[in-house]
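Start counting the sequence shown at 39; every next residue gets the next number (our numbering).
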Amino acid sequence: MQIVNGFAAGDRASLRPLLSPEVYAAFDAGITARTAPVAALMKLADARIVATALHGRTAEITVAFTAEFAGQDHNNTTTDVWTFERDLDRADPNWKLVATSGDLPE
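Below you can see the structure in the form of structure tokens.
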């Protein structure tokens, strides 16, 4: 929710520590390119872990989120797939968003 709300508000400062540099650049470009208000998140309908991996001491988890957003004329349900990483040797408990996609991994 913090990432979705930060993106909707155009709050780059709150997004930066939560996103990898590549994802931050994409979100920053999306904020800059906006010409209309962002649809409001109405409800998180589902969140499912669809993949996990361990690369050395870096843990990775991929989650498929299904959410309802309020549009100008109607509500829109969408599924987005986000991949998070965390260095297990760091004291920081936060996971960084490192990839987004609309497609479930095979």
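Using N, Cα and C, we set each Cβ at its ideal position, and we do this for glycine too.
These numbers come from a predicted model, not from an experiment.
Under the three-state reduction of DSSP, Val76 is assigned to coil, being neither helix nor strand. Glu98 is not a Cβ neighbour of Thr117, given a cutoff of 8 Å. In the DSSP assignment, Trp120 forms a beta bridge with Val101 and Thr138. A distance below 6 Å between beta-carbons, with the five flanking residues on each side excluded, links Val76 to the following residues of its chain, in chain order: Ala46.
Judged by beta-carbon spacing, Arg54 lies within the 8 Å limit of Tyr62, meaning their Cβ atoms are closer than that value.
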